[in-house]
Amino acid sequence: MALSKNDLAGKAMNVDDYTLVDFAEFESDDLFEVADYFYEYIRDAAKKKYMVYGQPMMTGPRTEFEVYDNNAQMVRKFHNFCSYNYLGYSFHPEVVQAVQEALEKYGSGAVSAPLLSGYSHPIKLLEEKLAKLKGKEEAVVFSTGYMTNVGVLSAVLRPGDVAVLDILSHASIYDGVRLSGADIKIFAHNNPRQLEKVLKGLEGRRTIVCIEGVYSMDGDLSNLPELIPITKKYGAKLLVDEAHASLAFGKNGGGVAEHFGLEDQVDISIGTFSKSFGAIGGYASGTKKLMTFIRMFARSYVFSCAMAPHTAVGLLKVLEIFNRDKSTLNKLWENTHYIWNKLKAAGLDIADTKSQVIPVMVGSDLKLREISKRLLHKGLYTGIVTYPAVSKNKTRLRLSVSSAHTKEQIDTCVRILTDVFREMEDWEPGT
Ligand SMILES: Cc1ncc(COP(=O)(O)O)c(C=O)c1O
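Using my numbering, the final residue of the sequence shown is 434, and nothing's skipped along the way.
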């Protein structure tokens with residue numbers, strides 16, 4: 004039953020008794036009342052040293068970085084297994100130099116929407132390179148990956164249409180469909196039989212199937228070889244979000260569709276620059292006609308400021324480096340295999356990851372809180388993933404491995420994790 008004021012009024016807030024779900028579903032006549040109770044929840048979390056989110060990073064996302072630790076109230080050094088800087092490009096000297104030079108030339112921002120004066124020449128060049136990377140006729144660059152999915156899906160769908168989503172799809176995919184007013188149907192993660200069952204019931208309706216290349220919370224790969232033939236059989240369109248897969252998968256870095264040799268089958272390929280590219284932004288790619296339509300009808304593109312030109316210049320440099328030198332990519336895979344083996348040998352549950360995105364399954368919210376507190380105390384920064392990013396009983400840590408990690412750093416990460424999970428064997432909530 005949903006939490007309400009009656010359950011909480013007059014009681015001291017105890018963070019151990021509730022999760023974020025309770026506040027997402029809080030019942031009240033007053034729109035803002037939930038914030039009063041939620042604030043108490045956060046204060047109790049901070050008092051108990053559970054408030055590990057939103058701590059200021061004092062240095063950039065290198066494999067070791069400094070963070071202002073809210074609990075210790077001081078700047079501390081951490082091993083960073085949390086940033087998506089998979090190929091270390093955010094600090095590549097050539098990228099940094101290119102961005103510095105572009106800052107001189109273009110200033111700090113685009114200060115206009117792309118259809119007006121925000122469409123800088125570096126963005127145009129970047130779109131041409133991306134279309135090539137994805138094997139598509141044209142690409143459109145958005146300011147973030149989130150805005151890309153929201154803009155594309157809300158542009159192509161209308162009320163009465165249907166989007167069929169893998170249940171583990173990213174929030175931006177769900178939100179784009181919601182904004183369009185189209186219906187959402189879901190199928191069990193990566194399950195072709197379920198997809199077919201859903202599509203069978205939708206014949207005659209305009210439909211798009213949305214899947215991810217690498218799933219962002221699980222690190223497993225989309226079952227494209229089985230899902231695509233079913234999508235085509237029922238005449239549905241196909242969108243694949245390659246956020247975590249671009250530059251990490253495929254012979255040319257195109258993503259998981261390229262990895263399976265199926266890139267021609269994808270109608271709209273989405274990507275972000277916030278992962279392997281080491282920066283910020285997103286892009287959609289597809290036919291020239293479709294991209295021309297999206298440029299005019301994706302509201303998150305039309306009504307928002309364009310990517311800063313210096314960011315686009317840095318991204319062009321990333322593509323240049325990636326295309327001439329695959330040693331960083333090879334190192335990423337060497338590190339990924341190394342950490343998988345270490346984590347498995349330590350008896351940790353890393354689910355079905357097949358990528359540099361590695362979940363370490365925990366289960367309950369309370370246990371996750373205690374584990375994350377202990378990991379931070381020991382100097383390890385990981386993704387701490389709870390509802391609404393994953394379902395209530397599937398909370399986890401998420402490790403992001405980078406080509407820039409050394410074997411020693413990976414060994415330290417696994418040692419700290421092993422120690423903490425061992426300590427937790429006898430742990431009971433409230434102890
Ligand atoms: C699959 C997927 N799509 C889209 C996004 C949003 O990307 P961005 O952070 O660039 O807005 C993410 C971000 O984590 C993601 O994992």
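Idealized CB from N, CA, C, for every residue including glycine. Predicted model only: the values in this text are computed from it and were never measured.
I need the DSSP call for CYS416, collapsed to helix, strand or coil. In this structure, CYS416 counts as helix in the three-state DSSP scheme.
Do TYR122 and ALA349 have their C-beta atoms within less than 8 Å of each other? Contact: no.
For GLU67, which residues of its own chain have a beta-carbon under 8 Å away from its beta-carbon, when the five flanking residues on both sides are left out? These residues qualify, in order along the chain: LYS80, PHE81, HIS82, ASN83 and GLN412.
Taking DSSP as the reference, what is the three-state secondary structure of VAL143? For VAL143, the secondary structure class from DSSP, reduced to helix, strand or coil, is strand.
Three-way DSSP call (helix, strand, coil) for LYS410 in this model: Annotated three-state conformation of LYS410 is helix, per DSSP.
What residue range is occupied by the uninterrupted beta strand (DSSP E) comprising GLU452? Outside the displayed span of the chain (4 to 434) sits residue 452, for which this structure offers no information.
On the three-state DSSP scale, how would you describe MET60? Here DSSP, grouped into helix, strand and coil, assigns MET60 to strand.
Mind listing, in chain order, the continuous beta strand (DSSP E) runs of no fewer than 3 residues lying wholly within the segment 273-305? Along the length of the segment 273-305, whole beta strand (DSSP E) runs at least 3 residues long occupy 285-289, reported in chain order.
How far does the alpha helix (DSSP H) with MET150 in it extend, from its first residue to its last? According to the DSSP assignment, MET150 belongs to the alpha helix (DSSP H) that extends over 148-159.
Exposed or buried, what is GLU373 when buried is set at 16 or more other beta-carbons lying within 10 Å of its beta-carbon? Residue environment for GLU373: buried (at least 16 other C-beta atoms within 10 angstroms of its C-beta).
State the start and end residues of the unbroken beta strand (DSSP E) segment that holds SER183. Not the beta strand (DSSP E): SER183 falls in the alpha helix (DSSP H), residues 174-183.
Where does GLU28 sit, in a helix, a strand or coil, going by DSSP? Looking at GLU28 - three-state DSSP - the assignment turns out to be coil, as it is neither helix nor strand.
In its own chain, which residues sit with a C-beta less than 7 Å from the C-beta of TRP430, not counting the 5 before and 5 after it? Same-chain partners within the cutoff: GLU373.
Taking 6 Å as the limit between beta carbons, can you name the residues of its chain near HIS142, skipping five residues before and five after? Looking at the sequence itself, residue 142 is Ala, so the reference to His does not match. Around ALA142: GLU130, LEU133, ALA134, TYR286 and SER288.
What does the alpha-carbon distance come out to for the pair ILE273 and SER183? In this structure, the CA atom of ILE273 is about 18 Å from the CA atom of SER183.
Here's the rule: buried if 16 or more other CB atoms are within 10 angstroms of the residue's CB, otherwise exposed. What is PRO96? So PRO96 ends up on the exposed side.
Find the nearest neighbour of TYR390 within the set ARG401, SER375, TYR384 and ASP368, judged by alpha-carbon distance. Closest in alpha carbon position to TYR390, among ARG401, SER375, TYR384 and ASP368, is ASP368.
Between which two residues does the beta strand (DSSP E) containing ASN83 stretch? Looking at the DSSP string, the run of the beta strand (DSSP E) that includes ASN83 is 77-84.
Pair within 8 Å by beta-carbon distance, ASN73 and MET54: In this structure, ASN73 sits near MET54, with a CB-CB distance shorter than 8 Å.
Say yes only if the C-beta of HIS313 is nearer than 7 Å to one or more non-hydrogen atoms of ligand 1, and no if none qualify. No - ligand 1 has no heavy atom lying nearer than 7 Å to the Cβ of HIS313.
With distance defined between alpha-carbon atoms, name the residue in VAL423, VAL243, SER403 and GLY207 nearest to GLY222. Distances from the CA of GLY222 to each of VAL423, VAL243, SER403 and GLY207 were compared; the closest alpha carbon is that of SER403.
Own chain, CB closer than 6 Å to ASN193, minus 5 neighbours either side, in chain order: Taking C-beta separations shorter than 6 Å and ignoring five residues to either side along the sequence, the partners of ASN193 in its chain run ASN226, following chain order.
Terminal residues of the continuous alpha helix (DSSP H) containing LEU335? First-last of the alpha helix (DSSP H) with LEU335: 330-348.
Please determine whether the Cβ atom of ASP244 lies at a distance below 7 Å from any heavy atom of ligand 1. Checking the Cβ of ASP244 against ligand 1 gives yes.
Alpha carbon to alpha carbon, how far is GLU104 from LEU205? Give it in angstroms, no decimals. Taking the straight line joining both Cα atoms gives about 53 Å.
Short of 6 Å in beta carbon distance, which residues of its chain neighbour GLN197, apart from the five on each side in sequence? Order them along the chain. PHE190 and ALA191, listed in sequence order.
Could you pull the DSSP bridge partners for TYR2 from this structure? Since the displayed the chain opens at 4 and closes at 434, residue 2 lies outside it and no answer follows.
Distance, Cα to Cα, PRO117 vs ARG209? Looking at the two C-alpha atoms, the distance is approximately 29 Å.
Three-state class that DSSP yields for ARG401 in the structure shown: In this structure, DSSP gives ARG401 an extended state, which the three-state scheme calls strand.
Within the present structure, is the beta-carbon of ASN193 separated from the nearest heavy atom of ligand 1 by less than 7 Å? False, no ligand heavy atom lies under 7 Å from that Cβ.
With C-beta atoms as the reference, is GLN268 less than 8 Å away from LEU241? Yes, the pair counts as a contact, with Cβ atoms nearer than the cut-off.
Among all the DSSP beta bridges, which residues are the ones paired with LYS188? According to DSSP, which records beta bridges pairwise, LYS188 is partnered with VAL167.
Please state if the CB of VAL417 and the CB of LYS381 are separated by a distance shorter than 8 Å. For LYS381 and VAL417, no; Cβs fall outside 8 Å.
Of all the options LEU346, GLY281 and LEU293, which has the alpha carbon lying nearest to the alpha carbon of ALA315? Ranking LEU346, GLY281 and LEU293 by Cα distance to ALA315 puts GLY281 first.
Counted within 10 angstroms of its Cβ, other Cβ atoms place GLY264 as buried (16 or more) or exposed: GLY264 should be labelled exposed.
Alpha carbon to alpha carbon, how far is THR415 from CYS85? Give it in angstroms, no decimals. If you draw a straight line from the Cα of CYS85 to the Cα of THR415, it is about 14 Å long.
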